[in-house]
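Participant: With our numbering as the guide, the letters of the sequence shown map in order to residues 2 to 227.
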Amino acid sequence: MRTKKQALLLVGSPGKENSTSASLGTFLIEKLQDHGFKTDVLFIYKSIRQDDSKRALLGKVRQADVVVIAFPLYVDSLPYLVVKSLEIIAKDRKEKIPKTEQSLLCIVNNGFPEASQNDTAIAICHRFAAETGFKWAGGLALGGGGAIGDKPLSGIKSRARNVIKSLEITANSLNSRVPLPQEAITLMARPIVPKWLYLLIATIGWKKTAKKFNTHKNLYDRPFLS
Ligand SMILES: Cc1cc2nc3c(=O)[nH]c(=O)nc-3n(C[C@H](O)[C@H](O)[C@H](O)COP(=O)(O)O)c2cc1C
């Protein structure tokens with residue numbers, strides 16, 4: 002018989018282990034460990050390649066009391082890796098209807114400064130939960146995710162204080178099986194750095210990268226303009 006509650010983190014960033022998604026999700030999963038959860042972390046890019054890794058993913062999902070999906074926003078939606086994994090999970094849950102209550106929570110981060118850009122992606126995850134028999138635990142959205150990058154949150158405590166507080170509240174709510182408090186959503190959506198500073202740093206980074214690839218003179222090209 003199982004005594005410990007189980008939580009599974011699925012990281013959906015193609016940026017793999019070095020990603021904002023991994024930093025956010027890992028922090029939450031560590032907080033759940035503090036609450037006594039047994040935890041697992043799977044990187045979706047590794048888990049949907051082969052049949053045996055897909056089977057392992059489905060096995061972990063079936064056992065989990067809480068599933069957390071952390072991913073970046075791609076073109077106002079979910080990256081391919083996440084869409085594919087949700088399709089695989091949905092098919093499995095149709096074939097083997099789950100008997101215990103399982104919660105699903107998502108954490109989405111994006112590149113533009115506004116967290117609200119993630120609303121559609123969260124709505125898609127909410128819909129997925131409703132159609133596949135998960136209890137919807139809520140969605141957290143972080144704008145300007147590049148301000149976290151691949152750094153562990155514990156290493157950037159002062160900058161990430163609102164994100165950290167949000168994830169601590171989220172861990173408490175998952176542990177107590179209560180709906181995600183609005184405070185957690187609001188804290189996560191607060192800009193990490195002022196918008197003007199974020200845009201300045203992002204523009205410098207963009208130009209530096211263009212220079213590296215010798216495309217800095219083409220940044221304002223409009224090739225499809227007739
Ligand atoms: C193909 C692609 C599409 C993207 N689309 C969006 C978008 O629609 N809106 C946005 O704000 N950021 C977009 N981004 C930026 C990522 O969401 C952002 O860099 C995020 O912080 C990456 O998170 P990660 O480190 O967890 O992968 C896109 C990035 C890529 C590579």
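Where a beta carbon is used, it is the ideal one built from N, C-alpha and C, also for glycine.
Please classify G26 as buried or exposed, where buried requires at least 16 other C-beta atoms within 10 Å of its C-beta.
Facilitator: With 16 or more other Cβ atoms within 10 Å, it is buried.
Participant: Could you check the C-alpha separation between K234 and I157 for me, to the nearest Å?
Facilitator: For the chain, the structure presents residues 2 to 227; residue 234 sits outside this window and is missing.
Participant: Identify, in the order they occur along the chain, each residue of the same chain with its Cβ nearer than 8 Å to the Cβ of P1, setting aside the five sequence neighbours on each side.
Facilitator: Since the first and last residues shown for the chain are 2 and 227, residue 1 lies out of range.
Participant: In the DSSP assignment, what residue or residues form a beta bridge with T40?
Facilitator: A8.
Participant: Considering only heavy atoms of ligand 3, does any lie closer than 8 Å to the CB of P73?
Facilitator: Summarising the ligand content, the structure contains ligand 1 and does not contain ligand 3.
Participant: Give the DSSP bridge partners of C107, in chain order.
Facilitator: Beta-bridge pairing links C107 to I70 and G140.
Participant: Kindly list the residues whose CB is nearer than 7 Å to the CB of E169, restricted to its own chain and excluding five residues on each side of it in sequence; keep chain order.
Facilitator: Cβ within range, chain order: K32.
Participant: Count the other CB atoms, across all protein chains shown, that sit within 10 Å of the CB of S174; report buried if there are 16 or more and exposed otherwise.
Facilitator: Buried: at least 16 other Cβ atoms inside 10 Å.
Participant: Assuming the contact rule is C-beta atoms closer than 8 Å, L10 and V69 should be a hit. Round their C-beta distance to whole Å, please.
Facilitator: At roughly 5 Å, the Cβ-Cβ gap stays under 8 Å, so L10 and V69 are in contact.
Participant: Answer with buried or exposed for P195, where buried requires no fewer than 16 other C-beta atoms within 10 angstroms of its C-beta.
Facilitator: Exposed: under 16 other Cβ atoms inside 10 Å.
Participant: Span of the alpha helix (DSSP H) holding L188?
Facilitator: Per DSSP, L188 belongs to the alpha helix (DSSP H) from Q183 to A190.
Participant: Can we count T21 as close to ligand 1, meaning its CB is less than 8 Å from some heavy atom?
Facilitator: Checking every heavy atom of ligand 1 against the Cβ of T21, one is found closer than 8 Å.
Participant: Considering only the beta carbon of each residue, do S112 and G147 sit closer than 9 Å?
Facilitator: First, the amino acid is wrong: residue 112 is Gly here, not Ser. Yes, they are a contact pair.
Participant: Pull up the DSSP beta-bridge partners for Y75, would you.
Facilitator: In the DSSP output, where bridge partners are listed per residue, Y75 has S78.
Participant: Anyone know if the C-beta pair for I108 and L143 falls short of 9 Å?
Facilitator: A contact, by the Cβ cut-off of 9 Å.
Participant: Shorter than 8 Å, the distance from the beta carbon of P15 to the closest heavy atom of ligand 1, or not?
Facilitator: Correct: P15 has its Cβ closer than 8 Å to ligand 1.
Participant: My parser needs the alpha helix (DSSP H) runs of 4 or more residues fully inside the segment 149-180; what are they?
Facilitator: List check, alpha helix (DSSP H) in window: 162-177.
Participant: Evaluate D66 with the Cβ neighbour count: other Cβ atoms within 10 Å of its Cβ, from every protein chain shown; 16 or more gives buried, anything less gives exposed.
Facilitator: With 16 or more other Cβ atoms within 10 Å, it is buried.
Participant: Could you name the residues of the same chain whose beta carbon sits closer than 8 Å to that of K97, not counting the 5 residues immediately before and after it, in chain order?
Facilitator: Only R63 meet the Cβ criterion.
Participant: Taking the alpha carbon of S167 as the reference point, which residue from T210, G37, F129 and L188 has its own alpha carbon closest?
Facilitator: Answer by Cα proximity: L188.
Participant: For G16 versus V83, is the C-beta distance shorter than 9 Å?
Facilitator: Taking 9 Å as the Cβ cut-off, G16 and V83 do not qualify as a contacting pair.
Participant: Could you give the DSSP three-state label for D53: helix, strand or coil?
Facilitator: It is helical.
Participant: Can you give me the start and stop residues for the alpha helix (DSSP H) that Y199 sits inside?
Facilitator: Note, Y199: alpha helix (DSSP H), K196 to K213.
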